[in-house]
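The listed protein sequences correspond, in order, to chains Y and X.
The end of the first sequence is residue 359 by this note's numbering, with every number in the run present.
The end of the second sequence is residue 1359 by this note's numbering, with every number in the run present.
Protein chains: 2
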Amino acid sequence: MKEVSKPDSQQKSLSGVKEIAKRANVSIATVDRVIHNRSGVSEKTKARINKIIEELDYLPNLMASRLALGKVTRLAAIIPQVTEESEFWHAPLNGLKRAEKEIRQFGVRIDPMLFDPSSRSSFSAVAKAAMESDYDGVILAPSFVEESKHVLEKCQQRGIPFVFLDSNIPDQSNLTYIGPPYFQSGYVAANLISRLLRNSRKLLVVNIATESDSFNYLQIENGFRKYFRENSLPSEITRIDIRDTEYESVARYLTYVFMFHAEIEAVFVTNSQVSTVASFLYNSQRRHVSVIGYDYTPENIRYLKNGTIDFLICHQAEDQGYRAAMSLYQHLVLGQQVPKEHFMPIDIITRENHEYYRN
Amino acid sequence: MKEVSKPDSQQKSLSGVKEIAKRANVSIATVDRVIHNRSGVSEKTKARINKIIEELDYLPNLMASRLALGKVTRLAAIIPQVTEESEFWHAPLNGLKRAEKEIRQFGVRIDPMLFDPSSRSSFSAVAKAAMESDYDGVILAPSFVEESKHVLEKCQQRGIPFVFLDSNIPDQSNLTYIGPPYFQSGYVAANLISRLLRNSRKLLVVNIATESDSFNYLQIENGFRKYFRENSLPSEITRIDIRDTEYESVARYLTYVFMFHAEIEAVFVTNSQVSTVASFLYNSQRRHVSVIGYDYTPENIRYLKNGTIDFLICHQAEDQGYRAAMSLYQHLVLGQQVPKEHFMPIDIITRENHEYYRN
DNA sequence: CTGAAAGCGCTTACAG
DNA sequence: CTGAAAGCGCTTACAG
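Take a look at the structure:
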């Protein structure tokens, strides 16, 4: 297998393409063609070159490649804007920015395109704008399912890869899903809440959301119920839906519920709106009621710190944004394989450990 | 402020150094000298160039720079080898490998240099070897304090930056510390265990370790005790030290302890040896005793799954290795500022959420 | 104190 | 189907 090296003026092993070119007795242009599977190379030389690439275990120098290409890869991130009720999205946006900082040296740019999460039409408008601007990759929080499918069809047609962030639409040809394992997350919530039940074993599940379609909370609730079923825990679960995030509305609903179910010991809020519920309980002197909810938002942390909220479950929101961007980078720039789903861990945050949590 | 652009043949804005050179009426070599603060430039032109750099908000192209330099940056990672009793180190090693994969395209290489964590002399030998090989940066798990100080003195003399991994030595001129906030971690452990106490409120703290100096467990215990003090919880804390990690020895000790303290309700093991204790409790049919300990090792997960261990506290061991390497990369290659300490989050792992944990 | 020129490894018109 | 040459932005001897 050892080859006899021709007496060369320079013993120094040439680098990548040059070395390959020399060994194959072709020019580096031809080598380049083979490496990138471009047409215009005879099968014979192609095979020869590929064999040498194998032998040399050649990996192209990414820096040199990007430098020569001088190409800019543009990613659109279609996610909710940060408002009082969507504080959650602060973190993924930061993650996207962190990713951009890291990969902009490779010519990757990320444009956040923010929509109003309580408005279907706003989503459509933003998505349309994104499609018109011809991005190389798309990151999408598919809050509105039908509207999302529209966008994604276009992406598919044009061969633009897209990734789902924080919420999934099954059976789409997305590059990957970056987000929580919602079902199991609800299961964890149930386990935590069951640790807090004492006497009546009555608990309340609250879903607070406006317009979005996102069925995350359904999965959460399924996981939640599964836990109680599996462990055959004698508990009474009341469940309410509130289609309004305003404090006044929520308080009205809850007052009503507690009127009829005064013995409720614990409340599970299926999303980041938990601070509104905590606020109600705090204001109405119901300090004995345990509370579990989602996400590391300033308001939630406030009520975690003052003891109203017992546990927050978090899914590393910042990292979700970061990884969504990095997945596209891996795919588009590095040409690497990306796993079809990347589930975030289910983190349990308490008053004691929240200080060191990196959301 | 607007400058009148001279009528140029090419309107195209030149890139980085060239553009600066043109504006300053010097060659790019001079610009390069200024950028890197190398000597041999008159104060006058230096000032002129610096001003232009400011104006242009110039950031050097890292890819081009590394490509031209062709330099390899070598990092030594002096950490414990992975044995049955130091399974923990599997994860940081993986993190180091992940980091290398990411930054080897910038010419960074990482050599793991593994020592036997139960042997002071092994540590010394490995550290010595590392010093002889003249690395550009050092990652160190300072299991043995005095011996570590030796190494670090040499690093300082030669201006080689070093970072502490998983355990800290205060007052050293380390670039950064990557590891858990041990004190607060003990505090969290106390909170968790207090949730598990029922009647006797007697609990046992066990430290199992062989030769290493690492005083992590002292901090952990301090945090642990602080919690009980602060919350004035009426509890009886027994504490034992076992200087041997073998199952037989541990079992002997524990048998003895439980003889005199049969009412112990919960055990807190201050490190990853918790599976040994869990094994003892499991084997001796003490399934009612709650157990808390550290780290996501296969053995620990086994006992978490079968319900013997109630909580594992983990500090993202894989990420610790990754971040240690990335800190040196940021410092040596990117010339960026690195925070003096990077504390890992205190993660609470249960039977319900362990499956999605990324250690 | 300063500059012209070659080179890092890859890519891309362009010419054949 | 193939190659020579220029260029990406930065660095580095070398010469002055």
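Idealized CB from N, CA, C, for every residue including glycine.
Quantities reported herein were computed from a predicted structural model and do not represent experimental measurements.
Does DSSP put residue 179 of chain Y in a helix, a strand or coil?
Under the three-state reduction of DSSP, residue 179 of chain Y is assigned to strand.
Contained alpha helix (DSSP H) runs [length at least 4] in the region 1104-1166 of chain X, N- to C-terminal order
Here the runs fully enclosed are 1120-1132, 1145-1158.
If we count the other Cβ atoms within 10 Å of its Cβ and call it buried at 16 or more, is residue 36 of chain Y buried or exposed?
Residue 36 of chain Y counts as exposed, since fewer than 16 other beta carbons sit within 10 angstroms of its beta carbon.
Chain-ordered neighbours of residue 1066 of chain X on chain Y, where CB pairs are closer than 8 angstroms:
Here the neighbours are 63.
Rounding to the nearest angstrom, what Cα-Cα distance links residue 1235 of chain X and residue 323 of chain Y in this structure?
Rounded to whole angstroms, residue 1235 of chain X to residue 323 of chain Y spans 44 angstroms at the Cα level.
Short-range partners of chain X found in the region 185-219 of chain Y, where Cβ spacing is below 7 angstroms
Under the 7 angstroms Cβ criterion, the region 185-219 of chain Y contributes 187, 188, 191, 195.
Under 7 angstroms between the Cβ atoms of residue 1203 of chain X and residue 1164 of chain X?
No, these two residues do not count as a Cβ contact at 7 angstroms.
Cβ of residue 278 of chain Y within 7 angstroms of Cβ of residue 224 of chain Y?
Contact annotation: residue 278 of chain Y and residue 224 of chain Y have beta-carbon atoms that are not nearer than 7 angstroms.
Could you round the C-beta distance between residue 292 of chain Y and residue 268 of chain Y to whole angstroms and report it? I think they count as a contact, below 8 angstroms.
Right, the Cβ-Cβ distance comes to about 5 angstroms (below 8 angstroms), so this counts as a contact.
Starting from residue 220 of chain Y, follow its DSSP beta bridges and name the residues at the other end.
Its beta-bridge partners do not exist; DSSP assigns none.
Restricting to Cα atoms, I'd like to know which of X:1143, X:1262, X:1106 is closest to residue 1118 of chain X.
Cα-wise, what sits closest to residue 1118 of chain X is X:1143.
Using a 10 Å radius around the Cβ and a threshold of 16 neighbouring Cβ atoms, would you call residue 1272 of chain X buried or exposed?
Result: buried.
Taking the alpha carbon of residue 77 of chain Y as the point to measure from, which residue in Y:348, Y:351, Y:352, Y:320 has its own alpha carbon closest?
Checked all of Y:348, Y:351, Y:352, Y:320; the closest Cα to residue 77 of chain Y is Y:320.
Would you report the Cα separation of residue 1030 of chain X and residue 1023 of chain X, rounded to the nearest angstrom?
Straight-line Cα distance between these residues: approximately 12 angstroms.
Assuming residue 1099 of chain X and residue 1325 of chain X make a contact with CB atoms under 8 angstroms, what is their CB distance in whole Å?
Indeed, because the Cβ distance is near 3 angstroms, the residues count as touching under 8 angstroms.
Exposed unless 16 or more other CB atoms sit within 10 angstroms - verdict on residue 1002 of chain X:
With a pLDDT of only 34 at residue 1002 of chain X, under the threshold of 50, the placement of this residue in the model should not be trusted; the figure read from the coordinates follows. Residue 1002 of chain X should be labelled exposed.
For chain X, check one thing: does any of its Cβ atoms lie closer than 7 angstroms to the Cβ of residue 144 of chain Y?
Not flagged as an interface residue toward chain X: residue 144 of chain Y, since no C-beta distance is shorter than 7 angstroms.
Identify the continuous alpha helix (DSSP H) that holds residue 31 of chain Y and give its terminal residues.
Per DSSP, residue 31 of chain Y belongs to the alpha helix (DSSP H) from 28-35.
Where residue 1342 of chain X falls: helix, strand or coil (DSSP)
DSSP places residue 1342 of chain X in strand when its eight states are reduced to three.
Mind checking residue 1255 of chain X: buried by the 16 CB within 10 Å criterion, or exposed?
When all chains shown are included, residue 1255 of chain X counts as exposed.
Residue 1010 of chain X, DSSP secondary structure in three states:
Low local confidence applies: a pLDDT of 38 at residue 1010 of chain X is under 50, so the model's placement there is unreliable, with the coordinate-based value given in what follows. Of the three classes helix, strand and coil, the one that applies to residue 1010 of chain X here is coil, per DSSP.
Quick one: measure Cβ to Cβ for residue 995 of chain X and residue 1311 of chain X, integer angstroms, because I've assumed they're closer than 8 angstroms.
Residue 995 of chain X is absent from the model: chain X starts at 1001 and stops at 1359.
Three-way DSSP call (helix, strand, coil) for residue 5 of chain Y in this model:
With a pLDDT of 37 at residue 5 of chain Y, under the threshold of 50, the modelled position of this residue cannot be trusted; read the value that follows with caution. Here residue 5 of chain Y carries a coil assignment [DSSP, helix/strand/coil].
For residue 299 of chain Y, which residues from the same chain have a beta carbon less than 6 angstroms from its beta carbon, with the 5 sequence-adjacent residues on both sides left out?
In its chain, beyond the 5 residues on either side, 275 have a beta carbon closer than 6 angstroms to the beta carbon of residue 299 of chain Y.
Entirely enclosed beta strand (DSSP E) segments - the region 1232-1258 of chain X, minimum 3 residues:
Counting only runs of 3 or more, we get 1236-1242.
Does any C-beta atom of chain Y lie closer than 7 angstroms to the C-beta of residue 1339 of chain X?
Residue 1339 of chain X does not count as touching chain Y.
Which complete alpha helix (DSSP H) runs does the region 1274-1306 of chain X hold, if anything under 4 residues is left out?
When DSSP assignments are scanned along the region 1274-1306 of chain X, the uninterrupted stretches of alpha helix (DSSP H) that are 4 or more residues long and fall wholly within it turn out to be 1274-1283, 1298-1305.
Reduced DSSP category for residue 202 of chain Y - H, G, I as helix; E, B as strand; rest coil:
If DSSP states are grouped into helix, strand and coil, residue 202 of chain Y belongs with the strands.
If we call anything under 7 angstroms between Cβ atoms a contact, is residue 1063 of chain X one with residue 328 of chain Y?
Result no, Cβ atoms of residue 1063 of chain X and residue 328 of chain Y do not sit closer than 7 angstroms.
DSSP-derived helix/strand/coil call for residue 76 of chain Y:
Residue 76 of chain Y falls in the strand class under three-state DSSP.
Using 7 angstroms as the limit for Cβ to Cβ distance, is residue 177 of chain Y near chain X?
Using beta-carbon distances, residue 177 of chain Y does not count as an interface residue toward chain X, since no partner is under 7 angstroms.
Let me confirm a value: residue 1006 of chain X is counted as buried when at least 16 other C-beta atoms fall within 10 Å, else exposed. Which label applies?
Residue confidence for residue 1006 of chain X is low, a pLDDT of 36 falling below 50, so the modelled location carries little weight and cannot support an answer.
Starting from residue 312 of chain Y, trace the beta strand (DSSP E) in both directions and tell me its first and last residue.
Counted as a single uninterrupted DSSP element, the beta strand (DSSP E) harbouring residue 312 of chain Y occupies residues 311-314.
Would residue 185 of chain Y pass as a contact of residue 313 of chain Y if the rule is Cβ separation under 7 angstroms?
Cβ distance < 7 angstroms, so residue 185 of chain Y and residue 313 of chain Y count as in contact.
Residue 262 of chain Y, DSSP secondary structure in three states:
Here residue 262 of chain Y sits in coil by DSSP.
Beta-ladder partner(s) of residue 1057 of chain X, from DSSP:
Residue 1057 of chain X pairs with nothing; no bridge assigned.
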